[in-house]
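Mapped onto full-length UniProt numbering, the consecutive letters of the sequence shown carry residue numbers 1 to 206. One structure below.
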Amino acid sequence: MVAPLSRLQAKTFPAMSSMLQEKENYEELNQIGNGAYGTVYKGRDLVNKGKFVAMKKIKIPLAQDGVPMTTLREIALLKQLDQQQHPNIVKLLDVVHGPRLYNEKCMTLYLVFEHIEQDLATYMARCPKPGMSSEIIKSIMRQILSGVDFLHCNRVVHRDLKPQNVLVSSDLRIKIADFGLAKIYDFDMKLTSVVSWKCIPLYVLF
């Protein structure tokens, strides 16, 4: 079971980078994604026979107190979840840092993941008419639910599950990715919030 993140202390980047290796073992290729917490590149593992990887590049200002909590959370969760190696959770292979450039006021951190060809949003957009067969839909849903069940059994709430964060391989293997917003809950934590509803026009129900 995943340990509470409250026990995880943020380190300053110089201290953290001294414990990590530089990304010289990886070659950064083309950009394949972009989000609020970093840019994702297709890369190559130069040590492991040029195997393709996905590299999430995160820029960290040198004046910042420490590594962003979203990054620490993602690393901590994936490192601990990977001990059980669930087939529907993306695998974090490595964490490395880029070189510090004197003309830049930031350093870079790379989260190196297994490379999966596309996300579910792209797969659905490319799917020819009349769309996915019922067998494929069932297979995708079964794998997503299997991954979510694994997370919930380990008290992890993803909180950002959407087609862009569900990866699909060429042989239709599903991997849940992007744990930057994920949280570990305890048994006293409320999983729902109270929402005030106003009366809505009847026609919107039809």
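All C-beta atoms, glycine included, are put in the ideal place defined by N, C-alpha and C. Note that the structure is a prediction, hence the values are computed from the model and not measured.
Asked                                                                                   : Found
Burial state of L29 (16 or more Cβ within 10 Å)                                         : exposed
Residues near H86 in its chain [Cβ-Cβ closer than 7 angstroms; skip 5 each side]        : G147 and F150
Residues near K51 in its chain [Cβ-Cβ closer than 6 angstroms; skip 5 each side]        : D45
R173 - DSSP class collapsed to helix/strand/coil                                        : coil
Residue range of the beta strand (DSSP E) that includes L81                             : It is not in any beta strand (DSSP E) - L81 instead sits in the alpha helix (DSSP H) that spans M69 to L81.
Contact belief for V90 with Y110 at Cβ below 8 angstroms, rounded distance in angstroms : That belief does not hold up - the Cβ atoms of V90 and Y110 are roughly 15 angstroms apart, past 8 angstroms.
Spatial distance of L81 from N88 (CA atoms)                                             : 11 angstroms
Inter-residue CB distance, V157 and Y185 (contact presumed, cutoff 8 angstroms)         : 6 angstroms
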